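Trainee: Structure incoming, see below.
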Amino acid sequence: NLDIVPIKIIRKNKKSTEIVFYNKLKMPNSKLPHKEQVKSILSNINNQISIWIINDPEQWLWLHRRWSKMIYKRKM
618 NLDIVPIKII RKNKKSTEIV FYNKLKMPNS KLPHKEQVKS ILSNINNQIS
668 IWIINDPEQW LWLHRRWSKM IYKRKM
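Its first residue numbered 618, the sequence shown is counted upward by one per residue in my numbering.
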């Protein structure tokens, strides 16, 4: 029952960063089953991160294999 506040750190240059605090996420209706509440919260978080990545893709780096190995093999 805590607020979830998205926070983004933006690299400005080699020596400085900016921290941006966003409005707390809207919580799902507490009358929903727990599993549905969790699904809604995670969906909201993923949507926010997706917006950040689309708007500033140069700020993001995936450090793990995002898709199956077959996709990478086809590109080579």
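For every residue, glycine included, the Cβ atom is placed at its ideal position computed from N, Cα and C.
Remember, it's a predicted structure, so these values are computed and weren't measured experimentally.
For V655, which three-state DSSP category applies?
Mentor: In the structure shown, V655 sits in a helix (DSSP, three-state: H, G or I).
Trainee: According to DSSP, is K625 helix, strand or coil?
Mentor: Strand at K625.
Trainee: Can you tell which of L642, I624 and K629 has its C-alpha closest to the C-alpha of N618?
Mentor: Nearest C-alpha to N618: L642.
Trainee: May I have the straight-line CA-CA distance separating L649 from Y639, to the nearest angstrom?
Mentor: Cα to Cα, the separation comes out at about 25 Å.
Trainee: Please report how far the alpha carbon of N672 lies from the alpha carbon of N661, in whole angstroms.
Mentor: Their Cα atoms are separated by approximately 17 Å.
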